[in-house]
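Before any comments, here is the structure.
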Amino acid sequence: MSESSQSRGRGADFENRFNASRWAENLLFQEINKLGPYLLIRYGASFSSDSKYVDLGDITIKEPDLLLYLKEELTQTELEWLVSNDLSVPAGGSVSKPSFVLSKARLAFEVEFSPYRASEMKERYKIPRLIPSNRNIPKTLPVPVAPNIFVKDEDLGRLEKWSALNCVPIIVAHIFDQEAFLFPLAGILEFRTIFVTLDRRGQFNLQRGLGVFFKEQNYGRVDAEQAAERKWVYCIHPLASLKLADVVEVEIGAQWALSSGKKYVSNVVFSNGSLSFDPLFLDLLGSDSLPAWRPQSFRHLSPADKLLL
């Protein structure tokens with residue numbers, strides 16, 4: 420049984436933010452489909468309208484943005500069907516989906532975007548130290564200022580449910596200017612399983628040791644109901660993730676909207692661009708053991724480090 424949510428205010432800048440995120444999805448869609456062996460299709464609902472409100476639909480499950488196939492595993496009829504049907508738009512979502520849409524999908528992508536120059540962020544290459552037992556635990560654990568992959572805690576269980584129901588592993592891809600990174604949803608779930616069993620010191624050192632952090636993040640929305648939303652998120656440092664690609668030839672601009680209070684609201688706009696894929700990412704796409712793949716941790720914890728947990 421599905422559980423529907425109430426509609427909520429979107430804010431005057433909803434369209435701008437939607438377009439910025441859609442750019443990242445389009446870029447990954449465009450560049451992977453240039454690779455001969457693979458087909459990437461749009462899957463999860465991704466559209467906007469003129470309505471002031473957005474209905475979140477079934478809040479117990481979340482469809483990922485994109486699905487990946489190996490062309491040689493598809494028949495010509497299946498390939499043509501996937502190419503001609505966009506399942507991410509309202510009409511596409513109502514199309515009766517043949518069983519091969521999910522049974523032959525090798526991988527799903529959940530795509531995120533942030534307007535940062537990734538390689539120039541001050542803690543892009545910095546690894547936090549563990550906290551020795553003879554030192555007091557700090558009140559808060561700062562997350563490195565780096566191109567971190569973000570996953571909302573509220574989305575984690577919903578994506579996990581979809582992945583389990585359909586037996587398709589999900590990769591979270593986060594695209595910035597200059598660089599893009601990815602991390603398996605299964606890795607975040609494993610982190611959460613361990614995290615909840617530890618005391619505060621252990622939780623701090625687990626986060627620093629693995630490069631996966633759990634924090635509360637502010638999500639402001641211009642003109643939106645409950646504008647000052649704070650949500651718990653998982654942040655994965657780039658040194659704990661897998662490099663997806665270098666992001667090059669991006670054009671940067673701006674767009675604006677007018678709020679109900681007649682305030683101009685601006686957002687950064689990314690356009691064009693291309694991806695120079697990392698060789699390890701290409702190896703991942705062709706791996707036969709894809710569901711079992713895990714990225715390397717921040718550091719291989721030494722016996723002494725493990726005692727700190």
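Sequential numbering of the sequence shown, starting at 420, is according to my numbering.
The beta-carbon is built from N, C-alpha and C at its ideal position, and this holds for glycine as well.
L458 places its beta carbon 9 angstroms or farther from that of L506.
The alpha-carbon of L608 is positioned some 10 angstroms away from that of Y653. Pairing E668 with A592 gives a Cβ-Cβ distance that is not under 9 angstroms.
With a minimum length of 4 residues, the unbroken runs of alpha helix (DSSP H) contained wholly in the region 559-642 fall at 572-585, 604-614 and 619-629.
If you check the CB distance, L454 and L701 come in under 9 angstroms. Residues of the same chain with a CB within less than 6 angstroms of the CB of I594, apart from the 5 flanking positions on each side, are A443 and F532 in chain order.
Only exposed fits K545, as fewer than 16 other CB atoms lie within 10 angstroms of its CB. R525 and Y535 have their C-alpha atoms spaced approximately 30 angstroms apart.
The continuous alpha helix (DSSP H) containing S503 extends over residues Q495 to S503.
S695: member of the beta strand (DSSP E) spanning Y683 to F696, first to last residue. Note that the C-beta distance between A537 and P483 is not below 9 angstroms. In the three-state DSSP reduction, I451 falls in the helix class (H, G or I). Under the 10 Å beta carbon count, L584 is surrounded by fewer than 16 other beta carbons and is classified as exposed.
Residue burial annotation: E450 is buried, with at least 16 other C-beta atoms found within 10 angstroms of its C-beta. Of the other Cβ atoms in all chains shown, 16 or more fall within 10 Å of the Cβ of D596; this residue is therefore buried.
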